[in-house]
Each structure stands twice: as structure tokens, then as C-alpha cells.
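Residues in the sequence shown are numbered consecutively from 127, following our numbering.
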Amino acid sequence: MNLNAKRIYMDNAATTPVLPEVVEAMLPIFNEYWGNPSSLHQNGQVAKEILNEARAEVASLIGCDAKEIYFTSCGSESDNWAIKGAMLAAKKGRDEIVTTVFEHPAVLNTCKALEKQGYKVTYVPVDNKGIVKLDELKAAVTDKTAIVAVMFANNEIGTIQPIAEIADIAHEKGALMFTDAVQAVGAVDIDVKALGVDMLSFSGHKIGAPKGIGALYIRKGVYVKNLIDGGAQENSKRAGTENLPYIKGLACALASAKKNMSDNDRIRALRDRLIDGLLQIPYTVLNGDRERRLPGNVNVSFEFVEGESLLLWLDMMGISASTGSACSSTSLEPSHVLLSIGLPVEKAHGSIRFSLSHANTEEEVDRVIENMKNIVDKLRKMSPIYPQTND
Numbered sequence: 127m128n129l130n131a132k133r134i135y136m137d138n139a140a141t142t143p144v145l146p147e148v149v150e151a152m153l154p155i156f157n158e159y160w161g162n163p164s165s166l167h168q169n170g171q172v173a174k175e176i177l178n179e180a181r182a183e184v185a186s187l188i189g190c191d192a193k194e195i196y197f198t199s200c201g202s203e204s205d206n207w208a209i210k211g212a213m214l215a216a217k218k219g220r221d222e223i224v225t226t227v228f229e230h231p232a233v234l235n236t237c238k239a240l241e242k243q244g245y246k247v248t249y250v251p252v253d254n255k256g257i258v259k260l261d262e263l264k265a266a267v268t269d270k271t272a273i274v275a276v277m278f279a280n281n282e283i284g285t286i287q288p289i290a291e292i293a294d295i296a297h298e299k300g301a302l303m304f305t306d307a308v309q310a311v312g313a314v315d316i317d318v319k320a321l322g323v324d325m326l327s328f329s330g331h332k333i334g335a336p337k338g339i340g341a342l343y344i345r346k347g348v349y350v351k352n353l354i355d356g357g358a359q360e361n362s363k364r365a366g367t368e369n370l371p372y373i374k375g376l377a378c379a380l381a382s383a384k385k386n387m388s389d390n391d392r393i394r395a396l397r398d399r400l401i402d403g404l405l406q407i408p409y410t411v412l413n414g415d416r417e418r419r420l421p422g423n424v425n426v427s428f429e430f431v432e433g434e435s436l437l438l439w440l441d442m443m444g445i446s447a448s449t450g451s452a453c454s455s456t457s458l459e460p461s462h463v464l465l466s467i468g469l470p471v472e473k474a475h476g477s478i479r480f481s482l483s484h485a486n487t488e489e490e491v492d493r494v495i496e497n498m499k500n501i502v503d504k505l506r507k508m509s510p511i512y513p514q515t516n517d
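Have a look at this one:
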């Protein structure tokens with residue numbers, strides 16, 4: 127299938143196109159430097175040098191030491207490793223996890239799996255803007271808490287959490303602080319040392335690298351059990367021959383993302399233009415905090431229509447968006463994130479997420495607004511519950 131070049135892509139929170147410079151950086155490793163980094167001969171040693179350079183570059187871009195970066199296959203693996211590894215390594219008596227009700231499924235389902243093994247999990251609520259309630263989180267963290275897991279920025283509504291404050295709360299009780307930063311890395315400036323987090327996960331395909339590569343920052347001195355045992359790769363913490371081309375691609379993509387952060391003000395302006403335009407449609411609400419959100423995130427709910435119908439009509443108009451998380455796009459259940467901020471089920475079902483990137487333009491935003499006005503109007507006229515006389 128050949129996608130029309132004139133399509134508008136606004137689903138970057140689900141995945142991003144691989145950047146040309148990333149492809150260029152990866153090709154020599156496929157074609158020439160294909161050795162195993164664990165091999166002692168010249169082919170292997172050249173590959174090892176590339177691996178070390180990529181690790182150092184990734185580390186420098188988030189403010190840590192190269193030895194604190196561990197490459198994984200994706201954000202989900204990193205999340206699983208951080209939480210399960212911490213619980214398996216926790217001291218006796220520390221058998222509790224504190225997280226929030228609107229985490230990504232990679233965190234929530236990991237916590238549910240651990241609950242079945244006898245661990246206690248406390249799910250802290252968020253307010254109606256999607257910001258974690260710090261007073262309730264502080265009350266939930268006790269001397270029995272092994273790890274506090276709160277996402278840096280929500281994948282659906284884009285709200286950015288007070289991570290440094292949460293880290294302080296966790297550390298006051300001797301607990302570890304882990305944040306899923308899959309949506310945040312590359313979109314906002316991150317310094318793990320300044321934040322005070324003990325572990326942080328991120329993924330390549332959200333920032334212009336291929337699918338199938340991620341990383342986990344583990345602060346020096348923090349011990350977590352291995353999730354994958356075998357060889358001595360990744361400082362004997364994650365077995366398996368390193369995916370060197372993709373690791374190089376991740377380093378290149380993260381460097382490009384950091385460089386492009388100078389364009390974030392323009393992205394925020396596009397985001398706000400899109401929000402303002404969509405809110406002109408009656409019975410429409412913005413989900414999440416207006417200010418404390420990712421630069422490119424727009425999540426809105428349209429009353430009296432179904433999000434899936436909006437999505438299909440947008441697709442026919444050449445516009446790619448999402449009804450929420452790509453990881454739960456086949457589920458018929460309303461978004462747990464939208465329910466967590468108090469949105470009624472019927473409004474949660476009528477939500478759409480647009481996630482912009484540096485490739486989007488003002489003209490594209492205006493085209494989306496115009497199409498959405500027409501589509502919502504068309505669908506509402508077919509709705510038996512829409513108050514037609516108030517149109």
C-alpha cells in the first residue's frame with residue numbers, strides 16, 4: 127500500500143517515522159560494521175566501539191553516566207524490568223508498590239501481575255486535569271514501599287507530572303523512584319540527576335528511531351534483579367546480543383530530538399491553535415491540563431459522537447490520529463485515563479488524540495480543524511440524542 131504523500135500525520139504519540147539521518151547512521155552497521163560486540167577479533171571490537179560510543183551519547187543527552195544506560199527492546203520491557211527487578215531485589219518487609227491509576231498498560235499490567243504474586247499495589251488518583259494528587263501519594267508511600275512508579279508524561283492526555291517532587295516523597299521513605307518517560311524523552315529536556323529519579327525508561331520509535339529499541343536508566347548503586355538471564359551483555363544485566371544498528375539509531379534519534387527542542391515553541395503554538403479551533407465546536411472539552419502538557423499533545427472529547435467514527439472519517443480525509451493509546455486501540459472499553467480524570471463513559475468514548483511533531487505545519491492544523499468541524503456536524507446529525515434545535 128502506498129500512502130498518499132499529502133496525508134496529515136498527527137499520531138506521533140503512537141509512533142514516529144524513522145528519521146533520514148537515523149537510517150543513514152544505521153546503514154553502515156548493517157553493511158560494514160556487523161560484528162558481534164562480544165567478539166574479540168577486529169570485527170567485534172569495532173562493533174564494541176560503536177556500542178560504547180552510542181551508550182555514551184545517550185547517557186550525555188539525559189545527564190547520566192554511560193554505565194547507567196542499559197539497552198532493551200522497547201519501553202514495555204524497560205518498564206517490566208524496572209518494577210519487577212526492583213521488587214525481586216527489595217529488602218525483606220518492602221513488598222509494596224505505589225503507582226497511579228492512569229499509568230501506561232506496561233506499568234499497570236506489570237503491577238497487576240505482581241499483585242497476583244502477593245505484592246501489594248496502591249493506585250493513587252489524579253485530579254480532573256490529570257495531575258497526580260501529591261497529598262494522597264505521600265500518604266500512600268510507607269516504610270514498606272519498595273518502589274514508586276509514576277509516568278513522566280501521560281501518553282493519552284499529555285500531562286506532565288511533578289517528578290522531582292515525587293522522587294523526594296519516595297526517597298523520604300527509602301523507596302526507589304521510577305518514571306516511564308517514553309512520551310517525554312525527546313519532547314522535553316530531561317536531566318535524570320536533577321530530577322532525582324532512580325530509574326527512567328524510554329523508547330526509540332517515539333523519537334524517530336525504529337521500533338524494537340528502548341533503554342532503561344538505572345542509577346549507580348541501585349540494584350535490580352535481571353529480567354533476562356544468559357550472557358554477559360549490558361554489564362551482565364540483560365542477556366542477548368546487542369541490537370547494534372538500532373542502538374546507533376536510538377542515539378542518533380535522541381541527538382536529533384534534543385537539537386529540535388529549539389522548535390518546541392512553534393509546536394506549542396500549533397498545539398494551542400488546534401486546541402482553540404476544536405473548542406469552537408459546541409459540546410467539546412479539552413482533556414488534561416492546558417499548560418502542563420507535552421508540546422504536541424491535543425486530546426479532546428466530542429459529546430454525542432463516537433471516537434472510532436471520528437477516527438474513520440478522519441482517515442478517509444487523509445488525516446491520521448488516534449482515539450488514545452495505540453497499545454489499547456483494539457479495546458472496546460473506554461480509556462482508563464479519561465475515566466481517571468472524571469470523564470463520563472459517554473464522553474470518554476468520544477475522545478480523539480492528536481499528537482504533533484516538528485514536521486507538522488500551520489496549514490495542516492487548519493485543515494484538521496475544518497475537517498473536524500464538518501465530520502462532527504455530520505455525525506451529530508445522525509445521532510438520536512444530539513439536541514438538534516440547539517445546533
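Virtual Cβ for every residue (Gly too), placed ideally from N, Cα, C.
Because the structure is a prediction, the values reported are computed rather than measured.
- Distance from the CA atom of residue 481 to the CA atom of residue 200, rounded to whole angstroms, is 20 Å.
- DSSP places residue 425 inside the beta strand (DSSP E), whose first and last residues are 423-428.
- Note on geometry: alpha-carbon atoms of residue 332 and residue 233 lie some 17 Å from one another.
- Within the stretch 196-282, the complete alpha helix (DSSP H) runs of at least 4 residues fall at 201-215, 231-242 and 260-266.
- For residue 151, the secondary structure class from DSSP, reduced to helix, strand or coil, is helix.
- Around the CB of residue 155, 16 or more other CB atoms lie within 10 Å, so the residue is classed as buried.
- Here residue 326 carries a strand assignment [DSSP, helix/strand/coil].
- A contact is defined here as three or more CB-CB pairs under 8 Å, and the stretch 184-196 fails this definition with respect to the stretch 211-229.
- Under a 10 Å Cβ-count criterion, residue 438 is classified as exposed, with fewer than 16 other Cβ atoms of the shown protein chains found around its own Cβ.
- For residue 150, the closest of 488, 401 and 336 by C-alpha to C-alpha distance is 336.
- Counting of Cβ neighbours within 10 angstroms places residue 367 among the exposed residues, the total staying below 16.
- Remark: fewer than three beta-carbon pairs, one from each stretch, lie closer than 8 Å, so the stretch 475-493 and the stretch 270-277 are not flagged as touching.
- Taken in chain order, the complete beta strand (DSSP E) segments of 3 or more residues contained in the stretch 310-382 are 325-329 and 340-344.
- Secondary structure at residue 503: helix, using DSSP grouped into helix, strand and coil.
- Between the stretch 197-211 and the stretch 244-262, the count of Cβ pairs shorter than 8 Å is below three; the stretches do not touch.
- Per DSSP, residue 303 is one residue of the beta strand (DSSP E) stretching across 302-306.
- By the beta-carbon neighbour count (other beta carbons within 10 angstroms, threshold 16), residue 374 is buried.
- Here residue 202 has 232 as same chain residues with Cβ atoms under 6 Å from its own Cβ, once five neighbours each way along the sequence are excluded.
- The continuous beta strand (DSSP E) containing residue 478 extends over residues 477-481.
- If you draw a 10 Å sphere on the C-beta of residue 284, you find 16 or more other C-beta atoms in it, and that means buried.
- Cβ neighbours of residue 240 within its own chain (closer than 8 Å, five residues either side excluded): 209, 210, 213, 223 and 247.
- Secondary structure note for residue 411: its beta strand (DSSP E) is the uninterrupted segment 410-412.
- Distance check between residue 426 and each of 412, 245 and 433 places 412 closest, using alpha-carbon atoms only.
- Taking all protein chains in view, the Cβ of residue 362 is surrounded by fewer than 16 other Cβ atoms within 10 Å, so the residue is classified as exposed.
- With 16 or more other Cβ atoms inside 10 Å of its own Cβ, residue 136 counts as buried.
- Per DSSP, residue 393 is one residue of the alpha helix (DSSP H) stretching across 390-404.
- In the three-state scheme derived from DSSP, where H, G and I count as helix and E and B as strand, residue 419 is classed as strand.
- Going by beta carbons, residue 509 and residue 431 fall inside the 8 Å limit.
- Note that the C-beta distance between residue 229 and residue 479 is not below 8 Å.
- Here the C-alpha atom of residue 198 lies approximately 7 Å from the C-alpha atom of residue 342.
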